[in-house]
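K.L.:
Residue numbers for the sequence shown follow the numbering used here, so the first one is 6 and each next one is one higher.
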Amino acid sequence: MFEKVLVANRGEIAVRIIRACKELNIRTVAVYSEPDANSMHVQLADEAICIGKGPSADSYLRIDRLISAAEITDVDAIHPGYGFLSENAHFADVCESCNIRFIGPSSKAMNALQDKQVSRSLAKKAGVPLPPGSDGIIETEQEALAVAKRIGYPVMIKAVAGGGGRGMRVAHNDISMIKGFYTCRAEAEKAFGNSGVYIEKYIENPHHIEIQILADTKGNIIHLGERDCSIQRRHQKLIEETPSPLIENKFKGLRKTMGKAAIKIAELASYTNAGTVEFIVDEQGNYYFLEVNKRIQVEHPITEEVTGVDLVRQQILIATGEQLRLSQSDVAFKGHAIECRINAEDPFDNFRPSPGRIEMCYTPGGKGVRVDSHVYAGYTIPPHYDSMIGKLITYGKDRREAMERMNRALSEYMITGVKTTIPFEQAILQDPNFRRGVYSTNFVEELLTGGRRELIEDKA
Ligand code: ADP
Ligand code: ADP
Ligand code: MG
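1. Can at least three beta-carbon pairs, one atom from the segment 241-248 and one from the segment 269-287, be found at a separation below 8 Å?
2. For R174, write down the residues that DSSP places opposite it in a beta bridge.
3. So what does DSSP say about K464, is it helix, strand or coil?
4. Does the segment 173-180 come close enough to the segment 147-161 that 3 or more CB-CB pairs lie under 8 Å?
5. If you run the structure through DSSP and keep just helix, strand and coil, what is I31?
6. Skipping 5 residues on each side, what residues in its chain have a beta carbon closer than 8 Å to that of L460?
7. For ligand 2, is there any heavy atom lying closer than 7 Å to the beta carbon of T446?
8. For ligand 3, is there any heavy atom lying closer than 7 Å to the beta carbon of E253?
9. Quick check: the Cα distance between T325 and F7, rounded to an integer number of angstroms?
10. Could you please give the first and the last residue of the uninterrupted beta strand (DSSP E) stretch that includes A153?
11. Is Y207 near ligand 2, with its Cβ less than 7 Å from a heavy atom?
12. Output needed for I307: all residues of its chain with C-beta closer than 8 Å, excluding positions within five of it in sequence on either side, in chain order.
13. Ignore the nearest five residues each way along the sequence and tell me which others in V10's own chain have a CB closer than 8 Å to its CB.
14. Using 7 Å as the cut-off, classify the Cβ of V430 as near or not near the heavy atoms of ligand 3, replying yes or no.
15. Taking 7 Å as the cut-off, does the CB of N291 come closer than this to any heavy atom belonging to ligand 3?
16. Under 7 Å: does the beta carbon of E296 sit that close to some heavy atom of ligand 3?
17. Between which two residues does the alpha helix (DSSP H) containing Y187 stretch?
18. Taking 8 Å as the cut-off, does the segment 326-333 touch the segment 418-430 (at least 3 CB pairs, one atom from each stretch)?
19. I'd like to check one pair, H379 with S44: are the Cβ atoms closer than 8 Å?
20. Run the CB neighbour count on E310, radius 10 Å, all protein chains shown included, and call it buried at 16 or more, exposed below.
21. Less than 8 Å between the beta carbons of N291 and P137, yes or no?
22. Shorter than 7 Å, the distance from the beta carbon of E283 to the closest heavy atom of ligand 3, or not?
23. If we ignore side chains and look at the alpha-carbon of each, how far apart do D41 and K129 end up?
24. Taking the continuous beta strand (DSSP E) assigned at I218, which residues delimit it?
25. Please find out if some non-hydrogen atom of ligand 2 comes closer than 7 Å to the beta-carbon of G168.
26. I'd like to know whether the C-beta of V36 is nearer than 8 Å to at least one C-beta of chain C.
27. Looking only at its own chain, which residues have a Cβ that is under 6 Å from the Cβ of E462, when we skip the five neighbours before and after it?
28. Where are the alpha helix (DSSP H) runs, 4 residues long or more, that stay fully inside the segment 52-131, in chain order?
29. Three-state secondary structure (DSSP) at F429?
30. Please go through the same chain and pick out, in chain order, the residues whose beta-carbon is closer than 7 Å to the beta-carbon of S91, but skip the five residues on each side of it.
31. Between which residues of its own chain and D391 is the CB-CB distance below 6 Å, once the five residues before and five after are set aside?
32. For D63 and H389, what's the separation of their Cα atoms in angstroms?
33. Starting from the C-beta of P387, find all residues in its chain whose C-beta is less than 7 Å away, skip the five residues before and the five after it, and write them out in chain order.
34. Consult DSSP for G395 and reduce its assignment to one of helix, strand or coil.
35. Under the rule that 16 or more other beta-carbon atoms within 10 Å means buried, what is A191, buried or exposed?
36. Looking at the structure shown, is N298 part of a helix, part of a strand, or coil, going by DSSP?
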């Protein structure tokens with residue numbers, strides 16, 4: 006077992022990882038940027054090292070400083086969390102060559118699933134359905150138009166290195182295709198340092214459904230069911246739940262089919278540790294591979310609630326070389342879990358980020374309520390990072406109970422000093438279609454534009 010782990014991240018996920026380490030009696034080292042000095046992860050860790058200024062490029066993305074911090078504190082392993090360097094194969098390589106275990110997949114597996122286009126080829130080899138699309142990177146406007154002609158509009162232009170819902174454009178005709186092609190390339194270059202884009206068919210009324218997997222270093226791979234993450238704004242998840250109402254009510258057999266597909270992809274990539282295989286499912290129950298997230302995912306707690314498996318603990322155990330103690334037949338699903346991402350954004354002002362000082366913070370509790378967060382009263386949210394300040398997760402014996410509990414918990418959650426997405430999530434929880442479990446990734450857009458804005462304004 007590791008004696009000491011460095012957490013190369015910040016915010017709620019750093020807190021989450023420190024908690025898992027503590028339960029395994031592993032000492033922890035936090036790293037932080039100057040504006041994060043008062044963050045909860047710094048206070049909860051056994052040791053803490055400042056690694057630079059606010060912008061991520063000067064701190065959380067500095068491999069040299071992270072490795073120096075790891076050497077000074079003499080840790081056995083680094084947990085990268087999500088975002089930042091978590092899916093950077095080079096970072097995983099550097100850790101290994103410095104004799105520090107990287108808690109995640111090997112750099113070889115990461116390279117096999119490195120970008121979305123490479124992953125598409127691998128999924129194809131695994132016999133998993135893909136949205137029709139280009140076979141490689143699209144270099145010219147002419148090539149883009151030819152692909153669109155072959156697969157038909159609407160299509161999506163996507164950055165191979167994209168992430169966090171950025172670097173994507175929908176095109177409905179040749180004109181928007183040409184425009185989208187150039188803007189997408191330029192944006193991708195700016196955001197990801199890689200201008201490569203590809204094209205895939207835009208699946209209409211899509212459902213985002215993903216499969217959680219765990220793979221040890223001895224060749225055992227299991228899946229832990231699905232998460233429905235169709236409640237998105239601008240391709241970014243806002244609310245997630247498991248089981249998926251679509252699968253539960255309409256396509257029960259899909260859980261097994263998609264679980265098998267996810268395992269096949271992981272096998273072919275020699276994948277180890279925790280990962281998520283993302284799919285799009287259409288109204289007819291056809292599923293299509295999207296990408297593999299080679300890290301722990303933001304919404305992992307809902308899977309933990311219904312399976313009873315501590316995913317971060319499993320990540321650490323797998324990284325030490327331990328064999329999975331669970332087999333596929335041991336994985337059972339019980340009850341229903343929902344997560345709301347609490348973002349410091351103003352839903353009444355186009356979700357404008359709302360950094361600043363939190364004056365009062367009362368966190369909900371009670372049966373079936375879990376809050377993963379790093380903020381507290383008096384904490385100042387720095388402007389440099391993602392606006393997520395916490396995750397509210399509720400568990401119930403069924404979907405109805407989980408929803409009622411979420412309603413109750415959202416109404417208890419009090420944060421003053423900054424704006425949050427809580428009122429917007431309350432409106433979603435009250436929406437009749439959401440309550441019936443009938444929604445696609447268009448849901449939020451429809452709620453905002455479909456004359457139902459009063460639903461939110463009533464609450465202001
Ligand atoms: P999840 O499915 O885990 O929610 P997200 O795509 O929302 O995944 O990403 C989680 C975090 O990682 C977010 O903070 C997001 O901004 C960040 N992130 C993900 N991929 C990238 C990337 N390629 N570049 C920069 N940030 C990313
Ligand atoms: P990211 O790396 O930013 O997470 P993904 O490829 O996972 O990008 O896509 C993010 C979201 O964009 C999906 O959850 C879905 O809502 C939408 N999306 C992506 N590809 C398609 C597609 N081919 N058809 C319809 N929606 C898509
Ligand atoms: Mg994704």
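All C-beta atoms, glycine included, are put in the ideal place defined by N, C-alpha and C.
P.N.:
Quick look at the numbers:
1. Here the segment 241-248 does not lie against the segment 269-287, with fewer than 3 beta-carbon pairs under 8 Å apart.
2. On the sequence shown, position 169 is the one that residue 174 refers to. Per DSSP, the beta bridge partners of R174 are I162.
3. For this step, residue 464 is matched to residue 459 along the sequence shown. Confidence at K464 is low in this model, with a pLDDT of 43, below 50, so the placement of that residue is unreliable and no value is reported for it.
4. Output reads yes: the segment 173-180 touches the segment 147-161.
5. Along the sequence shown, one-based indexing puts residue 31 at 26. Of the three classes helix, strand and coil, the one that applies to I31 here is coil, per DSSP.
6. Sequence index remark: in the sequence shown, residue 460 carries index 455 (1-based). For L460, the predicted structure reports a pLDDT of 49, less than 50, and the residue's modelled location is therefore unreliable. A value from the coordinates is still provided. A432, Q435, D436 and L452.
7. Taking the sequence shown and counting its residues from 1, one reaches residue 446 at position 441. It does: the Cβ of T446 is within 7 Å (strictly closer) of some heavy atom of ligand 2.
8. Counted from its first residue, the sequence shown places residue 253 at position 248. Checking the 7 Å criterion, the Cβ of E253 is out of range of every heavy atom belonging to ligand 3.
9. Here residue 325 refers to the residue found at position 320 when the sequence shown is read from its first residue. Here residue 7 refers to the residue found at position 2 when the sequence shown is read from its first residue. Going by the C-alpha atoms only, they are around 7 Å apart.
10. For the purposes of this step, residue 153 is taken as residue 148 along the sequence shown, with counting starting at 1. From DSSP, A153 is part of no beta strand (DSSP E) but of the alpha helix (DSSP H) over E146 to I156.
11. Walking along the sequence shown from the start, residue 207 turns up at place 202. Taking non-hydrogen atoms of ligand 2 into account, the C-beta of Y207 is found less than 7 Å away from one of them.
12. On the sequence shown, residue 307 is found 302 positions in, with the first residue counted as 1. In its chain, beyond the 5 residues on either side, R232, E245, E246, T247, A342, I343, E344 and I398 have a beta carbon closer than 8 Å to the beta carbon of I307.
13. As a working mapping, residue 10 is identified with position 5 in the sequence shown. For V10, the CB contacts under 8 Å within the same chain, skipping 5 residues up- and downstream, are I22, C26, I31, R32, T33, V34, V80, D81, A82, I83, H84, I108 and I321 in chain order.
14. Taking the first residue of the sequence shown as 1, we reach residue 430 at position 425. Note that residue 430 corresponds to Glu in the displayed sequence, not to Val. Using a cutoff of 7 Å, the CB of E430 does not count as near ligand 3, since none of the ligand's heavy atoms is closer than that.
15. Here residue 291 refers to the residue found at position 286 when the sequence shown is read from its first residue. Not so, every heavy atom of ligand 3 lies at least 7 Å from the Cβ.
16. In the sequence shown, the residue the question calls residue 296 occupies position 291. Within 7 Å of the C-beta of E296 there is at least one heavy atom belonging to ligand 3.
17. Locating residue 187 in the sequence shown gives position 182, counting from the first residue. Taken as a continuous stretch (DSSP letters only), the alpha helix (DSSP H) holding Y187 covers D179 to F197.
18. At 8 Å Cβ cutoff, the stretches do not touch.
19. Locating residue 44 in the sequence shown gives position 39, counting from the first residue. Locating residue 379 in the sequence shown gives position 374, counting from the first residue. The answer is yes: Cβ separation under 8 Å.
20. Here the question's residue 310 lines up with position 305 in the sequence shown. Burial call: buried.
21. On the sequence shown, residue 291 is found 286 positions in, with the first residue counted as 1. On the sequence shown, residue 137 is found 132 positions in, with the first residue counted as 1. The Cβ atoms of N291 and P137 lie no closer than 8 Å to each other.
22. As a first step, residue 283 must be located in the sequence shown, where it is residue number 278. Relative to ligand 3, E283 has its C-beta within less than 7 Å of a heavy atom.
23. Within the sequence shown, numbered from 1, the residue matching residue 41 stands at position 36. Within the sequence shown, numbered from 1, the residue matching residue 129 stands at position 124. Roughly 43 Å separates the two Cα atoms.
24. By one-based count along the sequence shown, residue 218 stands at place 213. For I218, the uninterrupted beta strand (DSSP E) run begins and ends at H212 to A220, by DSSP.
25. Taking the first residue of the sequence shown as position 1, residue 168 is located at position 163. For G168, the Cβ falls inside the 7 Å cut-off from some heavy atom of ligand 2.
26. Of the chains in the structure shown, none is chain C; there is only one protein chain.
27. Here residue 462 corresponds to residue number 457 of the sequence shown, with the count starting at 1. Confidence at E462 is low in this model, with a pLDDT of 49, below 50, so its placement is unreliable and no value can be given for it.
28. Taking only runs of at least 4 residues, the alpha helix (DSSP H) segments lying wholly in the segment 52-131 are 68-78, 94-102, 112-117 and 121-130.
29. Locating residue 429 in the sequence shown gives position 424, where the first residue counts as 1. Helix.
30. Looking up residue 91 in the sequence shown gives position 86. Excluding sequence neighbours, S91 sits near P85, G109 and R300.
31. As a working mapping, residue 391 is identified with position 386 in the sequence shown. Cβ neighbours of D391 within its own chain (closer than 6 Å, five residues either side excluded): none.
32. The residue you call residue 63 lines up with position 58 of the sequence shown. The residue you call residue 389 lines up with position 384 of the sequence shown. Rounded to the nearest angstrom, the two C-alpha atoms are 11 Å apart.
33. The residue labelled residue 387 in the question sits at position 382 within the sequence shown. Excluding the 5 residues flanking it on each side, P387 has same chain C-beta neighbours closer than 7 Å at P40, D41, G59 and P360, in chain order.
34. Residue 395 sits at position 390 when you count from the first residue of the sequence shown. Strand, per DSSP.
35. In the sequence shown, the residue the question calls residue 191 occupies position 186. With fewer than 16 Cβ atoms within 10 Å of its Cβ, A191 is classed as exposed.
36. For the purposes of this step, residue 298 is taken as the residue at position 293 of the sequence shown. Note: N298 maps to strand in three-state DSSP.
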